[in-house]
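Engineer: So the protein sequences, as listed, match chains A and B. Numbering-wise (UniProt numbering), the first sequence opens with residue 1 and increments by one. Numbering-wise (UniProt numbering), the second sequence opens with residue 1 and increments by one. Yeah, the Cβ is synthetic: ideal placement off N, Cα and C, and Gly gets one too.
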Amino acid sequence: MEKVLEVKDLHVTFTTYGGEVQAVRGVTFDLLKGETLAIVGESGCGKSVTSQSIMRLIPSPPGRIADGAVLFKGKDLTKLKESEMRDIRGADISMIFQDPMTALNPTITIGEQIIEGIMQHENISRQDARKKALEMLNLVGIPNPSERLKHYPHQFSGGMRQRIVIAMALVCEPEVLIADEPTTALDVTIQAQILDLFKDIQKKTGVSIIIITHDLGVVAQVADRIAVMYAGKIVEAGERREIFYNPQHPYTKGLLNSVPRLDLDGADLVPIGGSPPDLFAPPAGCPFAARCGFAMEVCDRVYPYKTHLSRDHHVDCWLQDERAQKMLAAVK
Amino acid sequence: MTGYIIKRLIAMAVTLWFIITLTFFLMHSIPGSPFNEERNTSEAVQRNLEKFYHLDEPLYVQYGMYLKSVVTFDFGPSIKKSSQTVNEMLGRGFPVSFELGIVTLIVAVFSGIALGIIAALRHNGFIDYLAMTIAVLGISVPNFVLATLLIQQLAVNLAILPVATWSSPKHMILPTLALATGPMAIIARLTRSSMLEVLTQDYIKTAKAKGLSPVKIVFKHALRNALLPVVTVLGSLAASILTGTFVIEKIFAIPGMGKYFVESINTRDYPVIMGTTVFYSSILIIMLFLVDIAYGILDPRIKLHKKEAS
Numbered sequence: 001m002e003k004v005l006e007v008k009d010l011h012v013t014f015t016t017y018g019g020e021v022q023a024v025r026g027v028t029f030d031l032l033k034g035e036t037l038a039i040v041g042e043s044g045c046g047k048s049v050t051s052q053s054i055m056r057l058i059p060s061p062p063g064r065i066a067d068g069a070v071l072f073k074g075k076d077l078t079k080l081k082e083s084e085m086r087d088i089r090g091a092d093i094s095m096i097f098q099d100p101m102t103a104l105n106p107t108i109t110i111g112e113q114i115i116e117g118i119m120q121h122e123n124i125s126r127q128d129a130r131k132k133a134l135e136m137l138n139l140v141g142i143p144n145p146s147e148r149l150k151h152y153p154h155q156f157s158g159g160m161r162q163r164i165v166i167a168m169a170l171v172c173e174p175e176v177l178i179a180d181e182p183t184t185a186l187d188v189t190i191q192a193q194i195l196d197l198f199k200d201i202q203k204k205t206g207v208s209i210i211i212i213t214h215d216l217g218v219v220a221q222v223a224d225r226i227a228v229m230y231a232g233k234i235v236e237a238g239e240r241r242e243i244f245y246n247p248q249h250p251y252t253k254g255l256l257n258s259v260p261r262l263d264l265d266g267a268d269l270v271p272i273g274g275s276p277p278d279l280f281a282p283p284a285g286c287p288f289a290a291r292c293g294f295a296m297e298v299c300d301r302v303y304p305y306k307t308h309l310s311r312d313h314h315v316d317c318w319l320q321d322e323r324a325q326k327m328l329a330a331v332k
Numbered sequence: 001m002t003g004y005i006i007k008r009l010i011a012m013a014v015t016l017w018f019i020i021t022l023t024f025f026l027m028h029s030i031p032g033s034p035f036n037e038e039r040n041t042s043e044a045v046q047r048n049l050e051k052f053y054h055l056d057e058p059l060y061v062q063y064g065m066y067l068k069s070v071v072t073f074d075f076g077p078s079i080k081k082s083s084q085t086v087n088e089m090l091g092r093g094f095p096v097s098f099e100l101g102i103v104t105l106i107v108a109v110f111s112g113i114a115l116g117i118i119a120a121l122r123h124n125g126f127i128d129y130l131a132m133t134i135a136v137l138g139i140s141v142p143n144f145v146l147a148t149l150l151i152q153q154l155a156v157n158l159a160i161l162p163v164a165t166w167s168s169p170k171h172m173i174l175p176t177l178a179l180a181t182g183p184m185a186i187i188a189r190l191t192r193s194s195m196l197e198v199l200t201q202d203y204i205k206t207a208k209a210k211g212l213s214p215v216k217i218v219f220k221h222a223l224r225n226a227l228l229p230v231v232t233v234l235g236s237l238a239a240s241i242l243t244g245t246f247v248i249e250k251i252f253a254i255p256g257m258g259k260y261f262v263e264s265i266n267t268r269d270y271p272v273i274m275g276t277t278v279f280y281s282s283i284l285i286i287m288l289f290l291v292d293i294a295y296g297i298l299d300p301r302i303k304l305h306k307k308e309a310s
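1) Exposed or buried, lysine 259 of chain B, counting other C-beta atoms within 10 Å across all chains shown (16 or more means buried)?
2) For glycine 91 of chain B, list the residues DSSP reports as bridge partners.
3) Taking only three categories from DSSP, how would you classify threonine 15 of chain B?
4) Taking its Cβ as the centre, do 16 or more other Cβ atoms sit within 10 Å of glutamate 175 of chain A, making it buried, or is it exposed?
5) Would the beta-carbon of leucine 149 of chain A fall within 8 Å of that of isoleucine 96 of chain A?
6) Give the interface partners of aspartate 321 of chain A over in chain B, defined as CB-CB distance under 7 Å, in chain order.
7) Check distances from the C-beta atoms of the segment 23 to 55 of chain A to those of chain B and list, in chain order, the residues that come in under 8 Å.
8) Name the DSSP bridge partner or partners of serine 308 of chain A?
9) Does any CB atom of chain A fall closer than 8 Å to the CB of tyrosine 295 of chain B?
10) Going by the beta-carbon positions, is the gap between phenylalanine 35 of chain B and proline 271 of chain B smaller than 8 Å?
11) Keeping to the same chain, check which residues put their C-beta closer than 8 Å to that of isoleucine 285 of chain B; ignore five residues upstream and five downstream.
12) Is the closest heavy atom of the ligand FMN to the C-beta of asparagine 157 of chain B under 7 Å?
13) Determine the closest residue to aspartate 312 of chain A out of A:Ala237, A:Ala284, A:Lys326, with distance taken between C-alpha atoms.
14) For the 8 Å Cβ check, are there 3 or more pairs between the segment 5 to 12 of chain A and the segment 54 to 71 of chain A?
15) Give the range of the alpha helix (DSSP H) segment to which glutamine 52 of chain A is assigned.
16) Tell me, please, whether the segment 94 to 113 of chain A touches the segment 72 to 80 of chain A by the rule of three or more beta-carbon pairs shorter than 8 Å.
17) When the Cα of methionine 168 of chain A is compared with those of A:Ala324, A:Asp67, A:Glu135, A:Pro277, which residue comes out closest?
18) Within a Cβ cutoff of 6 Å, which residues of the same chain sit near glycine 244 of chain B, ignoring the five residues on either side of it in sequence?
19) Following the continuous beta strand (DSSP E) through histidine 11 of chain A, name the residue where it begins and the one where it ends.
20) Return yes when the Cβ of glutamine 84 of chain B is within less than 8 Å of the Cβ of proline 77 of chain B, no when it is not.
21) Mind reading off the beta-carbon distance from alanine 185 of chain B to threonine 104 of chain B? Whole number of angstroms is fine, and I expect it under 8 Å.
22) Verify whether the separation of the beta carbon atoms of methionine 119 of chain A and isoleucine 142 of chain A is less than 8 Å.
23) Tell me the DSSP secondary structure of alanine 329 of chain A in three-state form.
24) One question on the structure: do serine 208 of chain A and leucine 32 of chain A come within less than 8 Å of each other, judged by their Cβ atoms?
25) Using three-state DSSP, classify valine 228 of chain A as helix, strand or coil.
26) Output yes or no for whether 8 Å exceeds the beta carbon distance between threonine 165 of chain B and alanine 239 of chain B.
27) Rounded to a whole number of angstroms, what is the C-alpha to C-alpha distance between valine 262 of chain B and phenylalanine 246 of chain B?
28) Below 6 Å CB to CB, which residues in the same chain sit around threonine 23 of chain B once its five sequence neighbours on both sides are set aside?
29) Any C-beta of chain A sitting closer than 8 Å to the C-beta of arginine 224 of chain B?
30) Examine chain A for any beta-carbon lying closer than 8 Å to the beta-carbon of lysine 307 of chain B, and answer yes or no.
31) By the criterion of Cβ-Cβ separation under 7 Å, what are the contact partners of threonine 107 of chain A in chain B?
32) So, does the CB of glycine 68 of chain A fall closer than 8 Å to a CB anywhere in chain B?
33) What residue from A:Pro304, A:Gln22, A:Val331 has the CA that sits closest to leucine 319 of chain A's CA?
34) Could you say which of A:Glu84, A:Val302, A:Gly44 lies nearest to phenylalanine 14 of chain A if we only look at CA atoms?
35) Taking all protein chains shown into account, do 16 or more other C-beta atoms lie within 10 angstroms of the C-beta of phenylalanine 288 of chain A, making it buried, or fewer, making it exposed?
36) For asparagine 266 of chain B, does the count of other Cβ atoms within 10 angstroms reach 16, so buried, or fall short, so exposed?
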């Protein structure tokens, strides 16, 4: 499949009074055409920073893309001029933010907010832009769109607003849609509707989606591939089935064990002890070592190599290292 | 909407009545009267004068007569300058004060908002600090000090502008500058802080993610939301500036109405005190009403009239 977006060894740092925070420390992944990639991880692991860095939307200063490349159709986005980047935002790569209650400007009608995005990127008349906005609102399931265009955000419910935000993001037919926790602020039934909408729209438009979330339930519903992030690194990535049924990194296992399940008793819920490392001074070795039940001395000292378990599935863990596996086999 | 306006007008009338009543009784509780000065007037003359102005009547009768005069917009003759009526004094002074006030307001609002926006966009940068230093100076330096400095530098030393009086646009520059600096500083600080708050909002991020230019983001998405607090102070600011300022008008020998506020109280000129107070209060109340209307225009979430909840 064709690669739409390639993120290569991305490093993002924030300068604060306390020193440099290394929020993203060498993230590499590809996004294929028409697929949904989920980036999961707990708060502060760098998933939002990664997504905003792709769009170059991290507040700068204090934020800075320190190293790495973001290739979109062969162009390195990190090297573009700000004006060139503006042409990409909204037109080729779009973004949806977490809270639909605050993501829309309260003083501008939703029609105008959608239309201004179209007019920014496409050389068409206001009339045509309006027509396009109507089609899009129809597509995301806003009833009576021509009337609704004239309404302000406060006249819509949360779920409706998220639909409008999605319409706004997709109206210029971008190739990549980055959704940062798109369902976190919604209640569960609306969540399901919005996730269905994502799948539906992807089928119709072929857009590639990066969905950022900490909710494994959401991941299970929409993702084709999953990247698990921890302390600014992708520690494990693979097809959805492989990650859910054959997780190899102790952190991924820990995440899956801490999800409540209907088929098990509540007593089986196992939280991951401890807390993520300090990203002012990240550890030299595996950042999860301090919380890991299987940690060895090497884990503390050297960051593990990437081990490929299958074509897509790879993990950064010494336990999966070839040599460890060989030894295990010998003992058995 | 009309229902709302009628309701507001009634409320405004009630407010005005409160102010009038309060001022009337406060005014009469100040010791002294318009006629006991050093000038020796005979008992009979004094009594006749008091009789003429109904000052010999009991207070409640005077109050009743006063209410009547307010309703008919006829404040009667001044006691101290008996050749003039209060209406004539206000009619002569107000247009001048209003002219100075409008120019001042325009200068203060535009430069204040511009300064605030620039400071917010360059948050914690050199320009921000510079703008805020100017703003702090503007707030803390009294306008009579500034006026004197301006006259000394621009009118006396450099001799490029007239020292005082009110006759040509050139004459307007110094008093406008002296009068506008304070309000400009207030507006700049307010704009900056509310702009800084608005710029961190999610919808600004959304606007950026749409690929809008910084100019569009600031003027279309941020400014309108940031202006609400500015509009709030603008109401009372406008009322006080438009009705003249004693100090600036005195320094620049401008024949506005600012002096009547102070002089009338010193001389116990009851009709003028009441006239200026009622006039100022009316303007203030009208301004506050306009501010509320402006809220509704700036922010659609603020509903001025009850409509069906959607």
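Structural biologist: On the basis of the supplied data:
1) buried
2) DSSP, once it has assigned bridges, lists no residue as partnering glycine 91 of chain B.
3) helix
4) buried
5) no
6) Neighbourhood of aspartate 321 of chain A in chain B, by CB distance below 7 Å: empty, with the nearest CB roughly 40 Å away.
7) Met55
8) It should be noted that the sequence gives histidine, not serine, for residue 308 of chain A. BP columns for histidine 308 of chain A point to A:His314.
9) no
10) no
11) Met12, Thr15, Leu16
12) Ligands are entirely absent from the displayed structure, and the ligand FMN is therefore not among its contents.
13) A:Ala237
14) yes
15) 47 to 54
16) no
17) A:Glu135
18) Ser97, Gly256, Met257, Gly258
19) 3 to 16
20) yes
21) Not confirmed; about 13 Å, so no contact.
22) Remark: C-beta atoms of methionine 119 of chain A and isoleucine 142 of chain A do not approach each other more closely than 8 Å.
23) helix
24) yes
25) If DSSP states are grouped into helix, strand and coil, valine 228 of chain A belongs with the strands.
26) no
27) 7 Å
28) Thr277
29) yes
30) The pLDDT assigned to lysine 307 of chain B is 48, lower than 50, so where the model puts this residue is not dependable, and the model offers no usable value.
31) Arg224, Asn225, Leu298, Asp299, Pro300
32) no
33) Nearest in C-alpha terms to leucine 319 of chain A, of all of A:Pro304, A:Gln22, A:Val331, is A:Pro304.
34) A:Gly44
35) buried
36) exposed
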